[in-house]
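Colleague: So in the numbering used here, spot 140 of the sequence shown is number 131, and the numbers just go up one at a time. Note that the Cβ used here is the ideal one computed from N, Cα and C, for glycine as well.
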Amino acid sequence: MDQTERLSLDQVLDKISPKEYMGSEFQESKLIYSVIGFIPACDMVDNALVISNLGYMLSQKGLNTCILDLKVFNPNLYHYLDAKPNKKGSGLIRVLKSDKVDFREEIQATKYERLYLLSPSPHDLIEEYLDFEFDHLEHVINTLKGMFDIVLVDIPNNPPLEFCLGAMKFSHIGFFTSTERIEATSNMIRLLDFASSVGISTAKFTSVILMNIQDINYDHKAISEFGLNIVAALPYVKAAYAYSLEGKLYVRDNPLINRYFLKQMRRLTDILCNQ
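In structure tokens, the structure reads:
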């Protein structure tokens, strides 16, 4: 049973359109765990590919979905969602700098219904993001949590950066994205150990999404031996990456979608919807 089927009649009657929802008073999400973080464990993964397609599938379930791109040094999710890049000094950096900024002016509405994006500008200077602290990020995430049913966070794997550890701290559920590389497992364990050493709970970041599976002799058991759980395994699909170059969503725009890829994406969607 999906999220919309579980709503009571009164909640359905009170449901408002996404545009109206953006302008309404903040309200708590109906999901128990509404802030979902994604961290790359190694090279050759593409968080933006998973998050953009997953965000679309969640929005099709009737969930008002916001994607938060925290890759402040190299944002790219705007391209995957075929949105215009923010102008310098707008978007994420504005809401980080002041708690008086109207979020509705900085959040981008994509061309997909119920799917929104809060992203840094690719024109911002790198040094502008070095002085923010956990409190700044907490304000942003808590505000988005109140505005939307679910928030998907693209987290950079850069432990010294507050946007990495802060996002891990304020996420309700976390996923590592990984490929079949020998260093992937050790990278995940090292990051979890470091986060734990500074007082951040790591129990929520024990799920792994394998990407670009290519039927090689890789020891997947090594991941589970360290207490990590593989929740989805996405095959390498050339067309999915080709579509992303054009700003298209593979699960929406490709009429010949890989059935196993779609099955695994639906599995992720159900995990997040059926809380």
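Could you say which of Ser25, Pro31, Leu247 lies nearest to Asn270 if we only look at CA atoms?
Modeller: Because residue 270 is not part of the residues shown, which for the chain are -8 to 266, the question remains open.
Colleague: Residue ranges of each beta strand (DSSP E) run of no fewer than 3 residues wholly in the stretch 205 to 234, ordered along the chain?
Modeller: Whole beta strand (DSSP E) segments, 3+ residues: 220 to 226.
Colleague: Sort Arg105, Lys79, Pro113 by Cα distance to Leu68 and report the nearest one.
Modeller: Pro113
Colleague: Could you tell me whether the Cβ atoms of Lys160 and Val26 are closer together than 7 Å?
Modeller: Cβ distance not < 7 Å, so Lys160 and Val26 don't count as in contact.
Colleague: Could you name the residues of the same chain whose beta carbon sits closer than 6 Å to that of Met13, not counting the 5 residues immediately before and after it, in chain order?
Modeller: Residue confidence for Met13 is low, a pLDDT of 47 falling below 50, so the modelled location carries little weight; the figure read from the coordinates is stated next. For Met13, where only same-chain residues beyond five positions count, the Cβ hits under 6 Å are Arg95.
Colleague: Can you tell me where the alpha helix (DSSP H) with Cys155 in it begins and where it stops?
Modeller: 153 to 161
Colleague: Does the beta-carbon of Met35 have 16 or more other beta-carbons within 10 angstroms, so that it is buried, or is it exposed?
Modeller: exposed
Colleague: Can you tell me which of the three DSSP states Phe64 falls into?
Modeller: The DSSP-derived three-state label of Phe64 is coil.
Colleague: To which residues of the same chain is Ala268 closer than 7 Å at the C-beta, ignoring the five residues directly before and after it?
Modeller: No answer is possible for residue 268: it lies beyond the span of the chain, which begins at -8 and ends at 266.
Colleague: Does the contact criterion of 3 or more C-beta pairs under 8 Å hold for the stretch 139 to 152 versus the stretch 54 to 62?
Modeller: yes
Colleague: Measuring CB to CB, does Tyr47 end up less than 7 Å from Tyr120?
Modeller: no
Colleague: Is it the case that the stretch 237 to 247 contacts the stretch 193 to 200, given that we only count it when at least three CB pairs across the two stretches are under 8 Å?
Modeller: no
Colleague: Suppose the cutoff is 7 Å on Cβ atoms and the five residues either side in sequence are ignored; what does the same chain contact list for Ser162 look like?
Modeller: Once the five neighbours on either side are set aside, the close Cβ partners of Ser162 are Val26, Ile27, Gly28, Val144, Lys195.
Colleague: Go through its chain and collect everything with a Cβ distance to Val222's Cβ below 6 Å, but skip five positions before and after it.
Modeller: Contacts found: Ser198.
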